[in-house]
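Below is one structure, written out as structure tokens; comments come after it.
In the numbering used here, the protein residues as written are 9 to 261.
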């Protein structure tokens, strides 16, 4: 539309200049029309200046306003850039509509879901039906943790959902992350803490026994030294008691 308007204006101006030139040539042949000749000459100059100005303005507009192809190419480049970023994200990302048809699924999500291609979320039912249900039921801000078992390997998927609307059509964005290693690390840390607490409690229980055994051993040794000739308890029995108490003391240290 803009090009046709430019073409029409250009042709109109050229036609006016041509007509004025024709009149000028006709008037020049008649010496009595010198004033008209001057006026036609001035008109031609004015038309030429107007034409040049018109061309300059049009060139400036073409520089200031990029063509539709330039805008389209820029948008295509931006779209490709965003797609590349999405595909290289470290977390899984899926978008799908209310029917479950998938618009976007990145490489990480494919690896986590053990698929090479996925057109609808129902395609992962064999992997985990609870996972599909979670995809469908989660609302904006909803989170879930799903255990996946695949070919003897077990891992935990952390899921986060956001509901969006684009051009009047609702769709859902799901992010996926394998947190199995984090859970194993937390579990190991929990066991270490438990062992540390149990060790502390056991030592607290053993310490009085060790102290008591040491006290009894000391008392019996003292009585044996003081009453070497007459014992209220048979000496052999006292020896056995002393050996037993020393054994308790030694094993509790």
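Glycine is no exception: its CB is placed at the ideal position from the N, C-alpha and C atoms.
None of these values were measured; they are calculated from a predicted model.
Distance, residue j Cα to residue i Cα
{"i": "residue 181", "j": "residue 208", "result": "49 Å"}
{"i": "residue 149", "j": "residue 126", "result": "24 Å"}
{"i": "residue 96", "j": "residue 205", "result": "44 Å"}
{"i": "residue 135", "j": "residue 142", "result": "13 Å"}
{"i": "residue 193", "j": "residue 172", "result": "35 Å"}
{"i": "residue 250", "j": "residue 203", "result": "33 Å"}
{"i": "residue 93", "j": "residue 151", "result": "24 Å"}
{"i": "residue 197", "j": "residue 133", "result": "34 Å"}
{"i": "residue 191", "j": "residue 174", "result": "36 Å"}
{"i": "residue 156", "j": "residue 200", "result": "26 Å"}
{"i": "residue 145", "j": "residue 139", "result": "10 Å"}
{"i": "residue 195", "j": "residue 137", "result": "26 Å"}
{"i": "residue 112", "j": "residue 104", "result": "7 Å"}
{"i": "residue 153", "j": "residue 88", "result": "32 Å"}
{"i": "residue 176", "j": "residue 160", "result": "43 Å"}
{"i": "residue 110", "j": "residue 158", "result": "23 Å"}
{"i": "residue 247", "j": "residue 229", "result": "9 Å"}
Which of helix, strand or coil DSSP assigns to residue i
{"i": "residue 116", "result": "helix"}
{"i": "residue 40", "result": "At residue 40, the pLDDT of 46 sits below 50, so the modelled position is not reliable; the number obtained from the coordinates is stated separately. Of the three classes helix, strand and coil, the one that applies to residue 40 here is helix, per DSSP."}
{"i": "residue 125", "result": "coil"}
{"i": "residue 99", "result": "coil"}
{"i": "residue 135", "result": "coil"}
{"i": "residue 194", "result": "helix"}
{"i": "residue 11", "result": "Summary for residue 11: the model assigns pLDDT 49, below 50, so the residue's position carries little reliability; its value from the coordinates is reported in the next sentence. Residue 11 falls in the helix class under three-state DSSP."}
{"i": "residue 8", "result": "With the chain covering only 9 through 261, there is no way to say anything about residue 8."}
{"i": "residue 165", "result": "strand"}
{"i": "residue 148", "result": "coil"}
{"i": "residue 177", "result": "strand"}
{"i": "residue 91", "result": "helix"}
{"i": "residue 187", "result": "coil"}
{"i": "residue 107", "result": "coil"}
Cβ-based neighbour list, residue i, same chain, cut-off 8 Å, excluding 5 preceding and 5 following
{"i": "residue 184", "result": "99, 100, 101, 102, 116, 117, 120, 121, 165, 166 and 167"}
{"i": "residue 124", "result": "118"}
{"i": "residue 162", "result": "155, 156 and 188"}
Residue-level contact to chain B via CB, residue i, 9 Å cutoff
{"i": "residue 138", "result": "Annotation note: the requested chain B is absent from the structure, which comprises a single protein chain."}
Check: residue i C-beta below 8 Å from any heavy atom of the ligand ZN
{"i": "residue 110", "result": "Questions concerning the ligand ZN fall outside what the structure shown contains, since it holds no ligand whatsoever."}
Residues near residue i in its chain [Cβ-Cβ closer than 7 Å; skip 5 each side]
{"i": "residue 106", "result": "178"}
{"i": "residue 114", "result": "94, 95, 97, 100 and 101"}
{"i": "residue 108", "result": "128, 129 and 130"}
{"i": "residue 39", "result": "Because residue 39 carries a pLDDT of 48, less than 50, the predicted location of this residue cannot be relied on, and the following value inherits that uncertainty. Closer than 7 Å at the Cβ level, and outside the excluded window around residue 39, lies no residue."}
{"i": "residue 147", "result": "169 and 171"}
Other residues of its chain near residue i: CB distance less than 6 Å, five sequence neighbours each side excluded
{"i": "residue 189", "result": "none"}
{"i": "residue 187", "result": "164 and 166"}
Residue i, buried or exposed, once every other Cβ within 10 Å from all chains shown has been counted against 16
{"i": "residue 169", "result": "buried"}
{"i": "residue 90", "result": "exposed"}
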